[in-house]
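Asks: Sequential numbering of the sequence shown, starting at 311, is according to this note's numbering.
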Amino acid sequence: MNRKINFSAGPSGLPLSVLEHAQKELISYQNNGFSIMEISHRSKTFEEVHFGAMDKIRKLYGFGDEYEILFLQGGAHLQFAMVPLNLSMGGTAEYVNTGVWTNKAIKEAKLLGINHKVVASSEDTKFDRIPENIKFSDDADYAYICTNNTIYGTQYKSLPKSKAPLVIDASSDFFSEPLDFTDIGLLYGGAQKNAGPSGVTVVIIRKDLAERLDNDRVPTMLRYKTHTDAKSLYNTPPTFGIYLLDLTMGWLLEQGGLVAAKERNAAKADLLYDAIDNSKGFYKGHARKTDRSVMNVSYNIAANAELEPVFVAEAEKAGMLGLKGHRHLGGIRASIYNVVSLNDVKTLVEFMKEFARKNG
Ligand code: PMP
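#1: When the Cα atoms are used, what is the spatial distance from residue 499 to residue 587?
#2: Please find out if some non-hydrogen atom of ligand 1 comes closer than 7 Å to the beta-carbon of residue 387.
#3: Ignoring anything shorter than 3 residues or poking outside the segment 426–503, list the beta strand (DSSP E) runs there in chain order.
#4: Using the Cβ count rule (16 or more neighbours within 10 Å means buried), how would you classify residue 340?
#5: Between which residues of its own chain and residue 536 is the CB-CB distance below 7 Å, once the five residues before and five after are set aside?
#6: Could you give the residue range of the alpha helix (DSSP H) that holds residue 667?
#7: Output needed for residue 493: all residues of its chain with C-beta closer than 6 Å, excluding positions within five of it in sequence on either side, in chain order.
#8: Cβ of residue 460 within 7 Å of any heavy atom in ligand 1?
#9: Please state whether DSSP places residue 620 in a helix, a strand or coil.
#10: Please name the residue in 337, 667, 571, 522 whose C-alpha comes closest to that of residue 605.
#11: Let me check understanding here. Comparing Cα to Cα, which of 600, 555, 622, 424 lies closest to residue 323?
#12: Can you tell me which of the three DSSP states residue 639 falls into?
#13: For residue 385 and residue 511, what's the separation of their Cα atoms in angstroms?
#14: Is there at least one non-hydrogen atom of ligand 1 closer than 7 Å to the beta-carbon of residue 561?
#15: For residue 453, count neighbouring C-beta atoms within 10 Å of its own C-beta (all shown protein chains included) and say buried if the count is 16 or more, exposed if not.
#16: Measuring from the CB of residue 500, is there a heavy atom of ligand 1 at a distance below 7 Å?
#17: Counting only runs of 4+ residues fully inside the segment 504–573, write out the alpha helix (DSSP H) ranges in chain order.
#18: Whose C-beta lies closer than 7 Å to the C-beta of residue 625 among residues of the same chain, with five residues either side of it excluded?
#19: Taking residue 406 and residue 638 to be in contact with their CB atoms under 8 Å, please state how far apart those CB atoms are, rounded to whole angstroms.
#20: Please list, in chain order, all residues of the same chain as residue 424 whose beta carbon is under 7 Å from its beta carbon, the five residues on each side excluded.
#21: Looking at residue 482 and ligand 1, is the gap between the Cβ and the nearest heavy atom below 7 Å?
#22: Quick check: does the Cβ of residue 320 come within less than 7 Å of any heavy atom belonging to ligand 1?
#23: Indicate, with yes or no, if ligand 1 has a heavy atom lying under 7 Å from the CB of residue 479.
#24: On the three-state DSSP scale, how would you describe residue 374?
#25: State the CB to CB distance for the pair residue 629 and residue 414, rounded to an integer number of angstroms; the pair is presumed to be in contact (CB under 8 Å).
#26: Taking the alpha-carbon of residue 663 as reference, which of 621, 649, 550, 650 has the nearest alpha-carbon?
#27: Below 7 Å CB to CB, which residues in the same chain sit around residue 364 once its five sequence neighbours on both sides are set aside?
#28: Between 458, 465, 552, 643, which has its C-alpha nearest residue 367's C-alpha?
#29: How is residue 630 classed by DSSP in three states: helix, strand or coil?
#30: Below 8 Å between beta carbons: does that hold for residue 457 and residue 480?
#31: Looking at residue 459: is its Cβ nearer than 8 Å to the Cβ of residue 408?
#32: Taking the alpha helix (DSSP H) that residue 342 belongs to, which residues open and close that run?
#33: Could you spell out the range, first to last residue, of the beta strand (DSSP E) harbouring residue 403?
#34: Would you check if the distance between the CB atom of residue 317 and the CB atom of residue 644 is smaller than 8 Å?
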């Protein structure tokens, strides 16, 4: 079978067993004579998938009944607006700016005329780090961070403490490691990196925050409460995406859940960063060592930037996809989400060594 190694930042690869499972029952779901795509979202058959996916997410993260899970549409981008629309109470919303994605979230708060403040930023060093000494005000309406910065390859090693509810864009490190939910008010991300296909945005929200909105001019679909009240079945949800998400969550549980995922991801990242650090300066990582992401490894060919497109093209010929860096940063980016195996990373590392030997 012709399957490439997929290092794309997203949409990224899905587990082969998930794709095969979906393929097998694409036309007749569990021998019922219809595809899961072809039935009502109000049917018992679909509800089992929908609530089954939610149960698996609860099992993986282990948070309590005070949280609801939503499967929304509009991507992380819509959450940039839904968060301030729903959670601002006329006080101040506080943000940490760690790059393109937090900048976009801040821009939406601004657009909506919401009182907000950037309490820490790493812009001065081209977003190569997570800012030090992050301190949120106890009475902030919410405290917003992005745990993993997909473009710059930086990641929080622990969550900042916050009395105000933490709001987290976890788009690119969702389901990659266990999380302590103590301070978390809302966590969200598109499914297309670690959880399934694009088109489903998973939102985990503390129930009291969904009740917060006190503004009858906010459209129905943009209110968290609309969706929590309806158990995320207010309108027709992206049913096929939720089905694939359910299968992917099942796969993750079979692999040992988030503790095991964290170990596997750390081993992969160590291998790749070691290859960069031991390349005698041929490759150079973007992020500061202490803040390096275990999901997105952004680096350059420091010896000669002109070799970067050659690297990407040759890697593609060797069966490795998606290694071109984001246009904001250039260079190379290897995204090593849950589905990328240690062996896949070994293949990349061997390729990198050979490329450096030939061109160094
Ligand atoms: N936040 C982060 C951290 C991301 O990596 C991305 C997408 N790469 C987004 C937000 C935007 O996601 P979407 O395209 O689902 O709106």
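All residues carry an ideal CB built from backbone N, CA and C; glycine is no exception. In this text, all values refer to a predicted model and were calculated from it rather than measured experimentally.
Replies: Considering the structure as presented:
#1: 31 Å
#2: yes
#3: Fully enclosed beta strand (DSSP E) runs of 3 or longer: 426–431, 452–456, 476–479, 494–500.
#4: exposed
#5: 530, 544
#6: 652–669
#7: For residue 493, where only same-chain residues beyond five positions count, the Cβ hits under 6 Å are 472, 476.
#8: yes
#9: helix
#10: With distances taken between Cα atoms, residue 605 lies closest to 571.
#11: Comparing Cα positions, the closest option is 555.
#12: coil
#13: 5 Å
#14: Checking every heavy atom of ligand 1 against the Cβ of residue 561, none is found closer than 7 Å.
#15: When all chains shown are included, residue 453 counts as buried.
#16: Taking non-hydrogen atoms of ligand 1 into account, the C-beta of residue 500 is found less than 7 Å away from one of them.
#17: 517–520, 534–539, 549–564
#18: 633, 661
#19: That pair is no contact at about 18 Å.
#20: 394, 398, 403
#21: yes
#22: Result yes, Cβ under 7 Å from ligand 1.
#23: yes
#24: The answer is coil: DSSP assigns residue 374 none of H, G, I, E or B.
#25: Not really, about 33 Å apart at Cβ, beyond 8 Å.
#26: 621
#27: Answer for residue 364: 379, listed in chain order.
#28: Of 458, 465, 552, 643, the smallest CA-CA separation from residue 367 is found for 552.
#29: strand
#30: yes
#31: Yes, Cβ-Cβ distance for residue 459 and residue 408 is below 8 Å.
#32: No alpha helix (DSSP H) holds residue 342; DSSP gives it neither H nor E.
#33: 403–407
#34: yes
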